[in-house]
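Number of protein chains: 4
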Amino acid sequence: MASDTEKLTESRYQPPEVRRRQILDAAARLAVDEGLANTSMARVAEVAGVAKGSIYLHFESRQQLIAGLQSDLWERMLEGPAEILVDESLSWSEKLDSVVEHWMRFELEHHGLYHAVFHTVPSSGDEPLAEARSLMERLLEQGAAAGEFNLDGLDIEVVLDFLLHAYIGPCFHQTDQAVAIDNVKRLFRRTVGAES
Amino acid sequence: MASDTEKLTESRYQPPEVRRRQILDAAARLAVDEGLANTSMARVAEVAGVAKGSIYLHFESRQQLIAGLQSDLWERMLEGPAEILVDESLSWSEKLDSVVEHWMRFELEHHGLYHAVFHTVPSSGDEPLAEARSLMERLLEQGAAAGEFNLDGLDIEVVLDFLLHAYIGPCFHQTDQAVAIDNVKRLFRRTVGAES
Amino acid sequence: MASDTEKLTESRYQPPEVRRRQILDAAARLAVDEGLANTSMARVAEVAGVAKGSIYLHFESRQQLIAGLQSDLWERMLEGPAEILVDESLSWSEKLDSVVEHWMRFELEHHGLYHAVFHTVPSSGDEPLAEARSLMERLLEQGAAAGEFNLDGLDIEVVLDFLLHAYIGPCFHQTDQAVAIDNVKRLFRRTVGAES
Amino acid sequence: MASDTEKLTESRYQPPEVRRRQILDAAARLAVDEGLANTSMARVAEVAGVAKGSIYLHFESRQQLIAGLQSDLWERMLEGPAEILVDESLSWSEKLDSVVEHWMRFELEHHGLYHAVFHTVPSSGDEPLAEARSLMERLLEQGAAAGEFNLDGLDIEVVLDFLLHAYIGPCFHQTDQAVAIDNVKRLFRRTVGAES
DNA sequence: AATGAATGAGGCTTCATTCAT
DNA sequence: GATGAATGAAGCCTCATTCAT
């Protein structure tokens, strides 16, 4: 009965993770394009190519779906830096540079999504942010301990929060990306007292 | 019975600015407490102690009400720094310090509202942000021209965006405020190359 | 204290009938221009140049205002024909012609208003229409009695209703008015059997 | 328990056309009974026995629902006459009679609805009316060409508009229907000059 | 008498969620 | 498991009417 043209359409049955990803991707796209607040379950279903009811087989509620979007983002955001930190071949300043590079590129690439997703929402708590923090914290501490950074008289928590917000600004306005990244690297170094 | 200080009880008729403020205040409180997205006109009316319809005598729509919340914030945020900039008695670094002080105190005081209000929303354009930017831009340029700041090889736009986001971070976590402000002042100086 | 320019504005106090007429005229204009359903008390007040509340000094409710519009129209519509009927110098056919002329001109002039006003509304009963009917009824009966009209075997009520609706049709489409009126006169004569 | 004639009880799911008709019927009934302007979506839903939101599965908006009411009426109104016109067995006068018969019966049956529906509304354009017109126009022209009607010196457009409004009058007052129809047939014949 | 700010019922519409198929 | 018609709470806004001034 099956004709050979029929297989071009999405098969009706998909493994759960695939469906889940389809839905998350649709939601992410819509959140960026039309704003999270304007993204209804109906639209998500439509774009994901599933029925409205089916979303509820994978997510308990709209809230949960959005939470899914969030953890998704964090996960991807933390992938790179974790490796950077343990790379023995880099100096602390270079690690700092690498983190800037990674985060800014990520931000530049996803910032529509990032900003669409991390507001509006009774954000379920910032556990993943905490992870990013602790990552940077170690970087600062170890860089300082190694004498590469100069944080004398500064509260490391404050420096941390300063940096974690600062790099986002230059991602917005469309200057040349390479220039922006390079500039921010230098400003990070200045901030931690690593500039010659 | 009527004393000359009177009016603790609500009278039915209020001058427009008073009503307007009642409504804005109610909206602000709700935006902070329950999230802007969850703040319905009905709730605002309830908290403001006016009828639902009355809001529309002062704001054309929900959008306009939110826009009102925004301009309100910006207005108050820009009051101080404008004066700082023209204060001849301060060095450029001291002016930078003053701006940090002002903005951080403002942020610390309002940041619940600030963050509730400046997202979710098809923000009516960032004209006021632009104003804050141009203010800081002049500060940086003139400080650099005066030789107090060192921005060699840096794109002033990038530095600007960097700073405008950076100070917000340290406002969140409850370290000692005085310490946080002091730290951020030093970090701002480092960023613009003004530290000895 | 009164300057000489002040009197150009409408004096604040007007005799009731004048105010009443101002309001009715405003309502009529709005009903024609924007549709009766879209005509709010606020708009009427605005166009009439009075306060919203003042309308209620002259009309008990919106319903009553609309009823006022209706009787107004009927009154003017019935003015002419009543005189025609008692004019001894005219034959019955000529009287019929005159009524056609009067009503069509009235309709052509007011039909926007007419159609705006006589629908939508729980029309308070058609007492004035009854008056127009009885007028025409007498015309038909007397013309028939005089041998000018031939209504043999026809129910006079039916003929009446037929005519009272028929003339309205040709008022709509913009053929030459004079032609239309002349044609309708002939058709009325045909209908009552008065054409040679 | 389930009989094969079954379904006197409402089942939750109905084919779209059935639901659509339920809603249209409810709307029609309310429009007649309480006036179109007083017919809210909530009442329609209630009378139709569906949820408020369900109406929007079948009609995009209140406007569309009302438009639906209109086309419904027109459709049924135009069914008969189209056939009459091409019936070779009838003389032109008989065709005229048939159209009168059809329209008056229709009007008598539906006129509450008819008049409730065709006012108040930014009527979506009168395309269907135009269809009724062109139908009658052909009838008049061909009857005249055949020498059965005498329209000498008359503008056919005027005659048309005259007739299209005239027959509605006698539908209102409750004389004997058969008499009314018979009378109007004769008056139509007189109007087109077809009476012996 | 005149005003217009204030009221609040009620209208239209959206949308997260459910559930019979 | 998948579907999407059906639901109904809740949102925004309008407007006839009232009433303190």
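Protein chains in written order, with the numbering used here: chain A, 1 to 196; chain B, 1001 to 1196; chain C, 2001 to 2196; chain D, 3001 to 3196. In this text, a Cβ means the ideal position worked out from N, Cα and C, and glycines have one as well.
Could you check the C-alpha separation between residue i and residue j for me, to the nearest Å?
i, j, result
"Ile1066 of chain B", "Ala1031 of chain B", "10 Å"
"Ile181 of chain A", "Asp1033 of chain B", "37 Å"
"Glu79 of chain A", "Leu90 of chain A", "18 Å"
"Pro170 of chain A", "Ala3048 of chain D", "58 Å"
"Arg3138 of chain D", "Gly3112 of chain D", "29 Å"
"Asp1004 of chain B", "Arg1189 of chain B", "In this predicted model, Asp1004 of chain B has a pLDDT of only 41, less than 50, meaning its place in the structure is not dependable enough to derive any value."
"Ser2039 of chain C", "Pro2081 of chain C", "In the sequence as displayed, the identity of residue 2039 of chain C is Thr instead of Ser. The alpha-carbon atoms of Thr2039 of chain C and Pro2081 of chain C are separated by roughly 31 Å."
"Leu154 of chain A", "Asn1183 of chain B", "6 Å"
"Arg3150 of chain D", "Val3192 of chain D", "Here residue 3150 of chain D turns out to be Asn, not Arg, going by the sequence shown. Going by the C-alpha atoms only, they are around 6 Å apart."
"Pro2015 of chain C", "Tyr2114 of chain C", "27 Å"
"Gln2063 of chain C", "Leu3135 of chain D", "40 Å"
"Ala1130 of chain B", "Glu1107 of chain B", "18 Å"
"Ile1156 of chain B", "Ala1146 of chain B", "15 Å"
"Arg2186 of chain C", "Ala3194 of chain D", "14 Å"
"Ala28 of chain A", "Asp3025 of chain D", "43 Å"
"Ala3166 of chain D", "Phe2172 of chain C", "14 Å"
"Arg2043 of chain C", "Val2159 of chain C", "41 Å"
"Asp1176 of chain B", "Asp1072 of chain B", "28 Å"
"Arg2105 of chain C", "Trp3103 of chain D", "28 Å"
"Glu3075 of chain D", "Glu3083 of chain D", "13 Å"
"Gln22 of chain A", "Ile1168 of chain B", "35 Å"
"Ala3045 of chain D", "Ala3051 of chain D", "6 Å"
"Leu1057 of chain B", "Val1086 of chain B", "39 Å"
"Ala1132 of chain B", "His1110 of chain B", "17 Å"
"Met1041 of chain B", "Arg1020 of chain B", "14 Å"
"Val18 of chain A", "Ser61 of chain A", "18 Å"
"Met2980 of chain D", "Glu3101 of chain D", "Nothing can be reported for residue 2980 of chain D, as the shown portion of chain D is limited to 3001 through 3196."
"Asp197 of chain A", "Gln142 of chain A", "Absent from the structure is residue 197 of chain A, since the part of chain A shown begins at 1 and ends at 196."
"Leu96 of chain A", "Gln70 of chain A", "25 Å"
"Gln174 of chain A", "Leu163 of chain A", "20 Å"
"Phe3059 of chain D", "Arg3012 of chain D", "19 Å"
"Ser1054 of chain B", "Ser2054 of chain C", "20 Å"
"Val2179 of chain C", "Asp3161 of chain D", "13 Å"
"Leu1088 of chain B", "Glu88 of chain A", "The identity of residue 1088 of chain B in the sequence shown is Glu, whereas the question assumes Leu. Those two C-alpha atoms are separated by around 51 Å."
"Glu1006 of chain B", "Gly1068 of chain B", "Unreliable positioning characterises Glu1006 of chain B in this predicted model, as indicated by a pLDDT of 39, which lies under 50. The coordinate reading is nonetheless provided below. Glu1006 of chain B and Gly1068 of chain B: Cα-Cα distance of roughly 29 Å."
What residues from chain D crowd round residue i, counting only those whose CB sits closer than 8 Å?
i, result
"His2110 of chain C", "Near His2110 of chain C there are no residues of chain D at all, since even the closest Cβ is about 16 Å away, more than 8 Å."
"Val2044 of chain C", "Residues of chain D passing the Cβ test: none, with the nearest at roughly 17 Å."
For residue i, return the contacting residues in chain B, with the cut-off set at a CB-CB distance below 9 Å.
i, result
"Ala180 of chain A", "Asp1155, Glu1157, Val1158, Asp1161"
Run through chain A and tell me which residues come within less than 7 Å of residue i, C-beta to C-beta.
i, result
"Thr1191 of chain B", "Leu187, Arg190, Thr191"
Could you name the residues of chain B that residue i contacts, counting a contact when the two beta carbons are closer than 8 Å?
i, result
"Leu164 of chain A", "Gly1169"
Applying a beta-carbon distance threshold of less than 8 Å, which residues of chain A neighbour residue i?
i, result
"His1173 of chain B", "Glu157, Asp161"
"Val1184 of chain B", "Val158, Phe162"
What whole-angstrom Cβ distance do residue i and residue j have, given they're in contact under 8 Å?
i, j, result
"Leu3036 of chain D", "Ala3116 of chain D", "5 Å"
"Glu1148 of chain B", "Ser1093 of chain B", "6 Å"
I'd like the ranges of any alpha helix (DSSP H) spanning at least 4 consecutive residues and lying wholly in the stretch 3039–3067 of chain D.
3041–3048, 3052–3055
Which runs of the beta strand (DSSP E), 3 residues or longer, sit entirely within the stretch 69–113 of chain A?
none
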